[in-house]
Amino acid sequence: MEAEEFKDQQLQLSEASPKSAEYQALLRAGPRLRLLQQVHAHLVVSGSHRSKALLTKLLTFACAAGAISYTRRIFSCVFNPDSFLFNSLIKASSKFGFPLDTVFFYRRMLLSGISPSSYTFTSVIKACAELSVLRVGRGIHSHVLVSGYGSNAFVQSALVTFYSKSSDLGVARKLFDKMQDRTVVAWNSMISGYEQNGHAKEAIVLFNRMLELYVNPDSTTFVCVLAACSQLGEVRLGCWVHDCIVSNGIHVNVILGTSLINMFSRCGNVSKAREVFDSMNERNVIVWTAMISGYGMHGHGSQAMELFHQLKACGSCPNNVTFVAVLSACAHAGLVHEGRQAFASMRQEYGLLPGVEHHVAMVDLLGRAGFLNEAYQFIKGLKHGELVPPVWTAMLGACKMHKNFDLGVEVAEHLLSVEPENPGHYVMLSNIYASAGRMDRVELVRNMMIQRGIRKQVGYSTIDVKNKTYLFSMGDKTHPETNEIYEYLDELISRCKEAGYAPESESVMHELEEEEREYALRYHSEKLAIAFGLMKTNHGMTIRIIKNLRMCEDCHSAIKFISVVTSREIIIRDKLRFHHFKNGSCSCMDFW
DNA sequence: ATAGGGTTAG
1 MEAEEFKDQQ LQLSEASPKS AEYQALLRAG PRLRLLQQVH AHLVVSGSHR
51 SKALLTKLLT FACAAGAISY TRRIFSCVFN PDSFLFNSLI KASSKFGFPL
101 DTVFFYRRML LSGISPSSYT FTSVIKACAE LSVLRVGRGI HSHVLVSGYG
151 SNAFVQSALV TFYSKSSDLG VARKLFDKMQ DRTVVAWNSM ISGYEQNGHA
201 KEAIVLFNRM LELYVNPDST TFVCVLAACS QLGEVRLGCW VHDCIVSNGI
251 HVNVILGTSL INMFSRCGNV SKAREVFDSM NERNVIVWTA MISGYGMHGH
301 GSQAMELFHQ LKACGSCPNN VTFVAVLSAC AHAGLVHEGR QAFASMRQEY
351 GLLPGVEHHV AMVDLLGRAG FLNEAYQFIK GLKHGELVPP VWTAMLGACK
401 MHKNFDLGVE VAEHLLSVEP ENPGHYVMLS NIYASAGRMD RVELVRNMMI
451 QRGIRKQVGY STIDVKNKTY LFSMGDKTHP ETNEIYEYLD ELISRCKEAG
501 YAPESESVMH ELEEEEREYA LRYHSEKLAI AFGLMKTNHG MTIRIIKNLR
551 MCEDCHSAIK FISVVTSREI IIRDKLRFHH FKNGSCSCMD FW
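Per full-length UniProt numbering, the first sequence starts with residue 1, numbered consecutively.
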């Protein structure tokens, strides 16, 4: 007996060594397609291509190499794939960005009669989350329940993310609430779900709940919370998180650093963002891009360009997103020459193909600076497929800014015909007509909107006073101190008029009657918020406002005067960027 | 002999 066993072992060893050599060859090849194909050829020649173990490794590497069609081809030749092979493939395809294949392999696995495990489910659910396919994901959720993995913490977290990404926050929250073992990852999934769907307030509420229950947040939690702070302009919580990170000695990795830089920039403190940037010991292109776009938002074009040059000097490669940030920084600072150069270098130096965002940024850059003809020529030079609405929208913005009536109307009418459901186009067209004094046309556009049931977005502004957030919208009278606020604002506007402010009625939205115009202009949400802020804060304190839309020209000009007559610094974050008003001028230098 | 997780960025 003993001799028999010994012989068996000998046999196995002698058989194992050549195969092991091939396994080693696979490991050496790694996720590199050419090398993998060479090893594959050897496997076929030596007849060992039937080994499931080797095939599994080969397929995983092929997937990691991004060679998905090669992976599919080999898979289709595998006879009787086993659970190892399926699980490896499902995991690899999900991890390396082929979610459709993940779902395909999962189905094939079920068809082969192999039971999925909790590991299988986490990968498949992740793939469904990426695809946001509610129907498929629900089906898999029911497989989870029948297979008895409904209370597996890993699977549950994946499901919470899946439902969040499929915009079914209600179901995500129900699942989350039902979990008996809520790991920090589960909390992160739910907080991130709220944040990604624009419910930053709920994200913060949940974060506070987590702290109340003594669950320790980790760096991922902070990343999600910082993103929520960025949305809301919540400097206080943002700073608290930053302090927490510093005092607990939490390592600021590239992701956390990017979130901090973004939070400080979007909350108006770009120099603090720079401090974080400087303190990081590891930076990738995303970190650099975040900092460049931070400068861009604040109109600090030269700092943005300086950073861009430093990025190139240290050997890193800017990518498509970096160029969007650079071009937009140039546009907001009037750096036309630098922007043109950067755009040209995209293709010439980095082999990057400009996309829609870059075309939009170029039209914006040229248009804002007043080179309307050049912007128009640029558009004409684009291919047919590149002539998408956002490019025309940028052109329209330029026409409106520089009061080019004829071209503006032409562009707006084109936009209305291709995107009749976009309220922004109607508002723009109407404003252009209004500024040309064509009130009959204004009326026409207004009727068109009513007829088509299109409503413009409601603008609102928020301001924090004594740790409370107050929200104002145009003509809003819900605030308990409405009368005082309106009286204060009226007086303020009179003082501004004495100082030379002239209201620009063209900025008034067209759905209002003639006599309502001056009224509406006077009570735009940002003006109400500023009046409230001035009333409630001490002299010398900076007023900070966040607005959901872009500011109108009239508010922009009025606030310059307000900054003079009250000698206050006023900082407004609008949809696109920051405006720092001080001593009668704005940091945007009217390039907005 | 093979695989082993869910959450996070510009």
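C-beta atoms are modelled at their ideal positions from N, C-alpha and C, and glycine is treated no differently. These numbers were taken from a predicted model, which means no experiment stands behind them.
So, do the region 575-582 and the region 483-493 have three or more beta carbon pairs nearer to each other than 8 angstroms?
No, the region 575-582 does not touch the region 483-493.
GLY47 to GLU22, Cα distance in whole Å?
Here residue 47 refers to the residue found at position 47 of the first sequence. Here residue 22 refers to the residue found at position 22 of the first sequence. In a straight line, the C-alpha of GLY47 is about 11 angstroms away from that of GLU22.
Pop quiz: GLY367 and MET395 are said to be a contact at Cβ under 8 angstroms. What is the actual Cβ separation, rounded to whole angstroms?
Here residue 367 refers to the residue found at position 367 when the first sequence is read from its first residue. Here residue 395 refers to the residue found at position 395 when the first sequence is read from its first residue. Contact holds; Cβ gap of about 6 angstroms.
So within the region 417-464, which uninterrupted alpha helix (DSSP H) runs reach at least 4 residues, ignoring any that extend past its ends?
Entirely contained in the region 417-464, the alpha helix (DSSP H) runs reaching 4 residues are, in chain order, 423-435 and 439-452.
Pick out the complete beta strand (DSSP E) segments inside the region 534-586, 3 residues or longer, and give them in chain order.
Counting only runs of 3 or more, we get 543-547, 570-573 and 578-582.
Could you say which of CYS552, ASN208, ASN447 and VAL155 lies nearest to THR117 if we only look at CA atoms?
To locate residue 117, count along the first sequence from 1; it is residue 117. Looking at the sequence provided, one finds Ser at residue 117 rather than Thr. Taking only the C-alpha atoms, the option nearest SER117 is VAL155.
Just checking my contact of ILE68 with LEU58 at CB under 8 angstroms: how many whole Å lie between their CB atoms?
Position 68 of the first sequence, counted from the start, is the residue given in the question as residue 68. Position 58 of the first sequence, counted from the start, is the residue given in the question as residue 58. So it is not a contact: roughly 14 angstroms between Cβ atoms.
Which residues in the same chain have their Cβ closer than 6 angstroms to the Cβ of CYS63, if we skip the five residues on either side of it in sequence?
Against the first sequence, residue 63 aligns to sequence position 63. Same-chain partners within the cutoff: THR71, ALA92, SER93 and PHE96.
If I measure Cβ to Cβ from residue 593 and keep anything under 6 angstroms in the same chain, skipping five residues before and after, which residues do I get?
Past the boundaries of the shown model lies residue 593; the chain is included only from 1 to 592, so the question cannot be answered.
List the residues that DSSP assigns as beta-bridge partners of THR478.
Position 478 of the first sequence, counted from the first residue, corresponds to residue 478. Answer is none; THR478 lacks a bridge partner.
Which ranges does the alpha helix (DSSP H) cover as unbroken runs of at least 4 residues, wholly within the region 171-219, from first to last along the chain?
Listed in chain order, the complete alpha helix (DSSP H) runs (minimum 4 residues) inside the region 171-219 are 184-196 and 200-212.
Who are the near neighbours of CYS244 in its chain, counting only those whose CB is closer than 6 angstroms to its CB and skipping five residues on each side?
Counting from one through the first sequence, the residue named residue 244 turns up at place 244. Once the five neighbours on either side are set aside, CYS244 has no close Cβ partner at all.
Quick check on this structure: which residue in PHE581, THR537, LEU534 and THR566 has the alpha carbon closest to the alpha carbon of SER557?
One-based indexing of the first sequence puts residue 557 at position 557. Closest option to SER557, Cα to Cα, is PHE581.
Among CYS588, GLU386 and ASN373, whose alpha-carbon lies nearest the alpha-carbon of HIS358?
Within the first sequence, the letter at position 358 stands for residue 358. Cα-wise, what sits closest to HIS358 is GLU386.
Using 8 angstroms as the threshold, is the region 36-45 in touch with the region 103-123, meaning 3 or more CB pairs across them?
No: the two stretches stay apart, fewer than three of their Cβ pairs being nearer than 8 angstroms.
Excluding five sequence neighbours on each side, which residues of the same chain lie with their C-beta closer than 6 angstroms to the C-beta of VAL445?
On the first sequence, residue 445 is found 445 positions in, with the first residue counted as 1. The answer, listed in chain order, is TYR426, LEU429 and SER430.
With a threshold of 7 angstroms on Cβ separation, who are the neighbours of LEU327 within its own chain once the five nearest residues in sequence on each side are excluded?
Here residue 327 refers to the residue found at position 327 when the first sequence is read from its first residue. Here the set comprises GLY339, ALA342, PHE343, HIS358, ALA361, MET362 and LEU365.
Measure the CB-CB distance between VAL254 and VAL287 and report whether it falls below 8 angstroms.
Within the first sequence, the letter at position 254 stands for residue 254. Within the first sequence, the letter at position 287 stands for residue 287. Against a cut-off of 8 angstroms, the Cβ pair of VAL287 and VAL254 comes out as a contact.
Around the Cβ of THR289, are there at least 16 other Cβ atoms within 10 angstroms (buried) or fewer (exposed)?
Here residue 289 refers to the residue found at position 289 of the first sequence. Buried: at least 16 other Cβ atoms inside 10 Å.
For TYR350, which of helix, strand or coil comes out of DSSP?
Against the first sequence, residue 350 aligns to sequence position 350. Three-state result, TYR350: helix.
If we require 4 or more residues per run, which alpha helix (DSSP H) segments fall completely within the region 123-163?
Entirely contained in the region 123-163, the alpha helix (DSSP H) runs reaching 4 residues are, in chain order, 134-146.
Consult DSSP for SER525 and reduce its assignment to one of helix, strand or coil.
As a first step, residue 525 must be located in the first sequence, where it is residue number 525. Helix at SER525.
Terminal residues of the continuous alpha helix (DSSP H) containing PHE75?
Position 75 of the first sequence, counted from the start, is the residue given in the question as residue 75. PHE75 -> alpha helix (DSSP H) spans 68-77.
If you measure between the beta carbons of MET263 and LEU226, is that distance less than 8 angstroms?
For the purposes of this step, residue 263 is taken as the residue at position 263 of the first sequence. For the purposes of this step, residue 226 is taken as the residue at position 226 of the first sequence. Cβ distance < 8 angstroms, so MET263 and LEU226 count as in contact.
Which of helix, strand or coil does DSSP assign to PHE371?
Your numbering for residue 371 matches position 371 in the first sequence. If DSSP states are grouped into helix, strand and coil, PHE371 belongs with coil.
How big is the Cα-Cα spacing for TYR486 and ASP464?
Here the question's residue 486 lines up with position 486 in the first sequence. Here the question's residue 464 lines up with position 464 in the first sequence. Using only the alpha carbons, I get a separation of about 19 angstroms.
Are ILE432 and PHE472 close, meaning C-beta to C-beta below 8 angstroms?
Position 432 of the first sequence, counting from 1, holds the residue named residue 432. Position 472 of the first sequence, counting from 1, holds the residue named residue 472. No, these two residues do not count as a Cβ contact at 8 angstroms.
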